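Have a look at the structure below before the remarks.
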Amino acid sequence: MINAGTKLCGVIGDPVKHTLSPVMHNRAIAELGIDYAYLAFNVKTSNLGASIEGMRALGIRGLNVTIPHKVAVVQFLDELDPLARDIGAVNTIVNDEGKLKGYNTDAAGFLQSLDAAGFEPMGKKVVLLGAGGAARAMGFALAQAGSLITILNRKPTLPQAVILSNNLERTCGSKVTVMELNATNLKTVMAEAELLVNATSAGMEPAVDETAVPTDLLKPGITVFDVVYTPYETRLLKEAAARGCQVISGLEMLVSQAALALELWTGMQAPLGVMREAAISAVYPGTGGTSVKTPEIEKTEKTNVALVGFMGAGKTAVGKALARKMGKPFADLDALVEKKAGKSVARIFKEDGEPVFRKLEKASTTDIACKSGRVIACGGGVPLDPANITALKQSSVVVYLKTSNTEIIKRVSSGPVRPLLADGKDITTLIAARTPFYEQSADITIDTTRITIECVAEKIIERLGKYESFRF
Ligand code: NAP
Numbered sequence: 509m510i511n512a513g514t515k516l517c518g519v520i521g522d523p524v525k526h527t528l529s530p531v532m533h534n535r536a537i538a539e540l541g542i543d544y545a546y547l548a549f550n551v552k553t554s555n556l557g558a559s560i561e562g563m564r565a566l567g568i569r570g571l572n573v574t575i576p577h578k579v580a581v582v583q584f585l586d587e588l589d590p591l592a593r594d595i596g597a598v599n600t601i602v603n604d605e606g607k608l609k610g611y612n613t614d615a616a617g618f619l620q621s622l623d624a625a626g627f628e629p630m631g632k633k634v635v636l637l638g639a640g641g642a643a644r645a646m647g648f649a650l651a652q653a654g655s656l657i658t659i660l661n662r663k664p665t666l667p668q669a670v671i672l673s674n675n676l677e678r679t680c681g682s683k684v685t686v687m688e689l690n691a692t693n694l695k696t697v698m699a700e701a702e703l704l705v706n707a708t709s710a711g712m713e714p715a716v717d718e719t720a721v722p723t724d725l726l727k728p729g730i731t732v733f734d735v736v737y738t739p740y741e742t743r744l745l746k747e748a749a750a751r752g753c754q755v756i757s758g759l760e761m762l763v764s765q766a767a768l769a770l771e772l773w774t775g776m777q778a779p780l781g782v783m784r785e786a787a788i789s790a791v792y793p794g795t796g797g798t799s800v801k802t803p804e805i806e807k808t809e810k811t812n813v814a815l816v817g818f819m820g821a822g823k824t825a826v827g828k829a830l831a832r833k834m835g836k837p838f839a840d841l842d843a844l845v846e847k848k849a850g851k852s853v854a855r856i857f858k859e860d861g862e863p864v865f866r867k868l869e870k871a872s873t874t875d876i877a878c879k880s881g882r883v884i885a886c887g888g889g890v891p892l893d894p895a896n897i898t899a900l901k902q903s904s905v906v907v908y909l910k911t912s913n914t915e916i917i918k919r920v921s922s923g924p925v926r927p928l929l930a931d932g933k934d935i936t937t938l939i940a941a942r943t944p945f946y947e948q949s950a951d952i953t954i955d956t957t958r959i960t961i962e963c964v965a966e967k968i969i970e971r972l973g974k975y976e977s978f979r980f
């Protein structure tokens, strides 16, 4: 219930009619049960300074800043977070008792959405279209992640792209190429591209027939990210999917950047899954936020889903949720080992040692891999033995549940002592040693760090949609 103590947040932009931010934030506010409200304000450029003074005068706790104000708003703020200063654009303002500090959560939100799709930007050739507020943040994120970037921008605003490339070279030390956005240059750069990032507003509602890249330049197999999120599938993404590209909607970035902004205003962990569902439901009314399918289809006979990842990644909890949602039986490899041995994993480790456990684990992996139609939660050490992965891959799509080190340590330290850590092994060293095995074995990678179990399960179902045997 809104009352005299309610803290107000909102978004300023022009236009803001299309924005999904109020839907996401108000659902998150309800989920967290906090006394906040979130509104959208249409602010003309001529009123930008006055609107920021209004924020200060009215004690508005936080604002998101969207098109076309992200760069211009900087001059009206008291302080900038170092990342926002380097990027030169602000998408989030925090009002601490009249002191306005600008942040940029677009960069981290963008990287999270690439990561969730399993795209590793390090060393990849990236074509970045546009040099506005979003492009600045995304260019910065890509440069910091070690991508090889070419920026293309329209002729009249080419100097803006040169400024951006100079900034990236100065702040990140990366070499960035700049070109005019035209058919000839596009053809040249798209021949080499591994990731295409549309950071322009081309294709945004109502101009849904617009696209900045001709279809025939979209090479099968590359990843195409469109920052535009209304519609969810822009013309660019539809055409890219039809050409066999991996596509990522700007909605994924929108949700991540919004969650990070909410955390800055409230100091609480944002319910990412709820926010994503709210955004998708708003774009596709009636879907319940879960029915967006990956369009390219891969033929496979596999009918099992095998979950791998470090301890604490949520393999068992997610596996159970996934099995329930997919109507498949659930199998826990550790439980199968315990059944074989007639004692608990902890007792096997203590009484017989790790080598005996690994032998039992291998036998159980072979057994379960012969079955079909199951959701399998694998022990954290399963992918370390290539024979296990070979056996699993014959019948299973392998899903890596990726989780940040901090989150793993938090989750693992709150439960009972894990057998593998009982002799004081260093968890960070163990994570570093195992991560390459998880990455190499994965057909699908899902970042579970900040999302609910239900949402991880839904994301897996969404990604399984690209396999023929998992389509419903
Ligand atoms: P901006 O600062 O106004 O920049 C817009 C950029 O798009 C400029 O480089 C502009 O080039 C270019 N552009 C516009 N129409 C074009 C067209 N038809 N062909 C080629 N280039 C075109 O806006 P922004 O803040 O960067 O936002 C850009 C888009 O990203 C918007 O649709 C916004 O809603 C979306 N966005 C999404 C997220 C997300 O989380 N998914 C976050 C931020 C923004 P000129 O300078 O030559 O006009």
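Note that our numbering has the sequence shown beginning at 509, numbered continuously upward.
Idealized CB from N, CA, C, for every residue including glycine.
Nothing here was measured: the structure is a model prediction, and the numbers come from that model.
E741 - DSSP class collapsed to helix/strand/coil: coil
By the three-class DSSP mapping on this structure, what secondary structure does A699 have? coil
Pick out whichever of C517, L540, H526 has its Cα sitting closest to the Cα of P779. L540
Near T873, which residues of its chain fall below 7 angstroms by C-beta distance, leaving aside the five closest residues on each side in sequence? If we look at T873 and ignore the five residues flanking it on each side, its Cβ neighbours are L841, V890, N896, A899, L900.
Let me confirm a value: M509 is counted as buried when at least 16 other C-beta atoms fall within 10 Å, else exposed. Which label applies? exposed
Considering only their Cβ atoms, is the gap separating L768 from T613 smaller than 8 angstroms? Yes.
For a test of the three-state rule: what should DSSP assign to M982, helix, strand or coil? The chain is shown from 509 up to 980; residue 982 falls before or after that span and cannot be answered.
Q754 by DSSP, collapsed to three states: which one? strand
Quick check on I959: does DSSP put it in helix, strand or coil? The three-state reading of DSSP puts I959 in coil, since its state is none of H, G, I, E or B.
With Y946 as the anchor, note down where its alpha helix (DSSP H) starts and where it stops. 935 to 949
Q948 Cβ short of 7 angstroms to the ligand NAP heavy atom set: For Q948, the distance from the CB to the nearest heavy atom of the ligand NAP is not below 7 angstroms.
Compute the Euclidean distance between the alpha carbons of T723 and V670, then round it to the nearest angstrom. 27 angstroms
For A707, name the three-state secondary structure that DSSP assigns. coil
I'd like to check one pair, T719 with V791: are the Cβ atoms closer than 8 angstroms? Against a cut-off of 8 angstroms, the Cβ pair of T719 and V791 comes out as no contact.
Can you say whether Q777 is buried or exposed, counting buried as having 16 or more other CB atoms within 10 angstroms of its CB? exposed
Can you find a heavy atom of the ligand NAP that lies under 7 angstroms from the Cβ of V736? yes
Does I575 come out as helix, strand or coil in the three-state DSSP assignment? coil
Considering only their Cβ atoms, is the gap separating V907 from I954 smaller than 8 angstroms? yes
CB-CB length for G711 against R644, believed under 8 angstroms: Wrong, their Cβ atoms sit about 19 angstroms apart, outside the cutoff.
Is P664 a contact residue of the ligand NAP, with contact defined as CB to any heavy atom under 7 angstroms? yes
Counting along the chain, where does the alpha helix (DSSP H) carrying G841 start and finish? In the sequence as presented, Gly is not what sits at residue 841; that position holds Leu. Counting along the chain, the alpha helix (DSSP H) containing L841 begins and ends at 841 to 849.
I'd like the span of the alpha helix (DSSP H) that includes S872, first residue to last. 862 to 877
Helix, strand or coil: how does DSSP classify I520 here? strand
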